[in-house]
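*Asks:*
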Amino acid sequence: MNHLDTINAALKALPYPQKPEGLYEPISYVLSMGGKRLRPVLTLLAYGLYREDVERAVPAALALETYHNHTLLHDDLMDNADVRRGMPTVHKKWDANTAVLSGDTMLIMACRKMMETSTPHLRELMDLFLRTQQEICEGQQYDVNFETRTDVAVEEYIEMIRLKTSVLLACALQCGALIADAPVADQQLLYDFGQYIGLAFQLQDDYLDCYGDPAVFGKAIGGDIRCGKKTFMLISAVARADEADAETLLTSRDPSVVLPLYERHGIPQLAREKMQEYYAKALAVLEKLNVPAERKQVLWEYAEALLKREK
């Protein structure tokens, strides 16, 4: 059984109370939607760098997946999103109160599941998990703040996506290494690797929202532009544009207007270069990891697969 199958089977086997009615059904609904399960798979891959008995890391992997889906419930509500993974979001299928309460319950379930992990480093594990949760809230708040600003700098955006996206990938990898009793230096390297992969992954999302194949990307192209989201593409274009183009970029919600301006100011190439920069940093960090090359290769191939969704 591969790691994805292991995670899906463990999620399917999770028991849910039947009462009170309406609290646990949305949780089961969300966790059964599927998805890449990036974070729990990364936890098992990191554990597998050092030990064979990966089932020992499964509770932590489930905790991370449950927590991640908790954030999606609340993100969807904040964004008033209708669909998640091709299915109605919880606040659309049920209501906003259900999304809040079931989401909060998922957070509690995630912490309890993490505490079930068999490790002498449980305090460190929980500290890492809780710190990551707080950082993700900080990233979400920055994202909200950016909605009303026209002067967001690229450096601010990178820090926002580091907090909102990258730290959870980094946490997943360090959790696996910590449970496996990996050297502290290796834990930090894996954390850094996760941050760089997360940054490259989110920048790729920004790029593919403009230039990807909808059938592969899984979303309608130009969605960020229509929503007026501050992405790497938009922020970089505004920084390079003259006053007239900058005004158009900040006010237009029409991809057919905005995309030619991106191309005029060299934004597609700039985005590809930035992605490659973090991709290269991730590889450099992984090369320093003190484990056999063939084990590192499994992790690298998985990361590469995440970053090969261009068309």
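In the numbering used here, the protein residues as written are -17 to 293. Here a beta-carbon is modelled for each residue, glycine too, at the ideal position from N, C-alpha and C.
Whole angstroms are fine: how far does the CA of Ala226 sit from the CA of Arg113?
*Replies:* Each residue's Cα considered, the two are about 43 Å apart.
*Asks:* When we look at the beta-carbon of Ser14 and count the other beta-carbons within 10 Å, is it buried (16 or more) or exposed?
*Replies:* Classification for Ser14: exposed.
*Asks:* At 4 residues or longer, and completely inside the stretch -13 to 74: list those alpha helix (DSSP H) runs for me, N to C.
*Replies:* Listed in chain order, they are 7 to 13, 20 to 30, 40 to 61.
*Asks:* Taking only heavy atoms of the ligand COA into account, decide whether any of them is closer than 8 Å to the Cβ of Cys192.
*Replies:* Inclusion of the ligand COA in the displayed structure is not the case, the ligand content being empty and no account of it being possible.
*Asks:* For the putative contact between Ala285 and Ala264, defined by C-beta atoms under 8 Å, what is the C-beta separation to the nearest angstrom?
*Replies:* So it is a contact: roughly 7 Å between Cβ atoms.
*Asks:* Tell me which same chain residues have a C-beta within less than 8 Å of the C-beta of Thr213, skipping the five on either side of it?
*Replies:* These residues qualify, in order along the chain: Tyr139, Asp188, Asp191, Asp206.
*Asks:* Compute the beta-carbon to beta-carbon distance between Asp58 and His73, rounded to the nearest angstrom, for a pair I have assumed lies under 8 Å.
*Replies:* Sure, about 6 Å apart at Cβ, within 8 Å.
*Asks:* Look at the alpha carbon of Ser100 and the alpha carbon of Ile161, and state the distance between them as a whole number of angstroms.
*Replies:* Taking the straight line from one Cα to the other gives about 8 Å.
*Asks:* Tell me whether the beta-carbon of Val134 lies closer than 9 Å to the beta-carbon of Ile217.
*Replies:* Yes, the Cβ-Cβ distance between Val134 and Ile217 is below 9 Å.
*Asks:* Could you pull out every residue in the same chain whose Cβ sits closer than 7 Å to the Cβ of Arg67, ignoring the five residues on either side in sequence?
*Replies:* Excluding sequence neighbours, Arg67 sits near Met15, Gly16, Gly17.
*Asks:* Between the C-alpha atoms of Met91 and Pro274, what's the straight-line distance to the nearest angstrom?
*Replies:* Their backbone Cα atoms lie some 36 Å apart in a straight line.
*Asks:* Please say whether Leu271 and Leu89 have beta carbons closer to each other than 9 Å?
*Replies:* No, these two residues do not count as a Cβ contact at 9 Å.
*Asks:* Report the residue from Ala228, Gly121, Met96, Cys119 whose alpha carbon sits nearest the alpha carbon of Asp109.
*Replies:* Nearest C-alpha to Asp109: Met96.
*Asks:* Helix, strand or coil for His(-15) per DSSP?
*Replies:* Correct three-state label for His(-15): helix.
*Asks:* Closest to Arg94 by CA distance: which of Val220, Ala(-9), Ala45 is it?
*Replies:* Measuring from the Cα of Arg94, the nearest candidate turns out to be Ala45.
*Asks:* Reducing DSSP to helix, strand and coil, say where Thr233 ends up.
*Replies:* The answer is helix: DSSP assigns Thr233 an H, G or I state.
*Asks:* Going by beta carbon distance, what residues of the same chain come within less than 8 Å of Leu185, once the five residues before and after it are set aside?
*Replies:* Excluding residues within five positions, the ones whose Cβ falls inside 8 Å are Ile143, Phe214, Ala253, Lys256, Met257, Tyr260.
*Asks:* Compare the C-alpha of Asp61 against each of Ser148, Leu24, Glu129 and name the closest.
*Replies:* Of the candidates Ser148, Leu24, Glu129, the one whose C-alpha sits nearest the C-alpha of Asp61 is Glu129.
*Asks:* How far does the alpha helix (DSSP H) with Leu271 in it extend, from its first residue to its last?
*Replies:* Here Leu271 belongs to no alpha helix (DSSP H), and DSSP marks it neither H nor E.
*Asks:* So, at 8 Å on beta carbons, what are the nonlocal neighbours of Leu20 in its own chain, with the 5 sequence-adjacent residues on each side left out?
*Replies:* So the list reads Leu151, Ala154, Leu288, once near-sequence residues are dropped.
*Asks:* Using C-beta distances below 7 Å, list every residue in its chain close to Ser84, excluding the 5 sequence neighbours before and after it, in chain order.
*Replies:* For Ser84, where only same-chain residues beyond five positions count, the Cβ hits under 7 Å are Leu5, Pro8, Ile9, Leu55, Val72.
*Asks:* For chain D, is any of its Cβ atoms less than 9 Å away from the one on Gln279?
*Replies:* Annotation note: the requested chain D is absent from the structure, which comprises a single protein chain.
*Asks:* Following the continuous alpha helix (DSSP H) through Ala135, name the residue where it begins and the one where it ends.
*Replies:* Taken as a continuous stretch (DSSP letters only), Ala135 belongs to no alpha helix (DSSP H), as it is neither H nor E.
*Asks:* Distance, Cα to Cα, Gly176 vs Gln279?
*Replies:* The straight-line gap from Cα to Cα measures roughly 15 Å.
*Asks:* For Ser238, count neighbouring Cβ atoms within 10 angstroms of its own Cβ and tell me buried if that reaches 16, exposed if not.
*Replies:* Classification of Ser238: exposed, given that the 10 Å Cβ count is below 16.
*Asks:* Taking the alpha carbon of Ala159 as the point to measure from, which residue in Leu171, Val149, Gln116 has its own alpha carbon closest?
*Replies:* Taking only the C-alpha atoms, the option nearest Ala159 is Leu171.
*Asks:* Please classify Ile118: does DSSP put it in a helix, a strand, or coil?
*Replies:* If DSSP states are grouped into helix, strand and coil, Ile118 belongs with the helices.
*Asks:* When you compare each of Ala39, Ala42, Arg235 to Cys209 by their alpha carbons, which one comes out closest?
*Replies:* It is Arg235 whose Cα lies nearest to the Cα of Cys209.
*Asks:* So, using beta-carbon positions, are Tyr244 and Ala219 closer together than 9 Å?
*Replies:* Yes.
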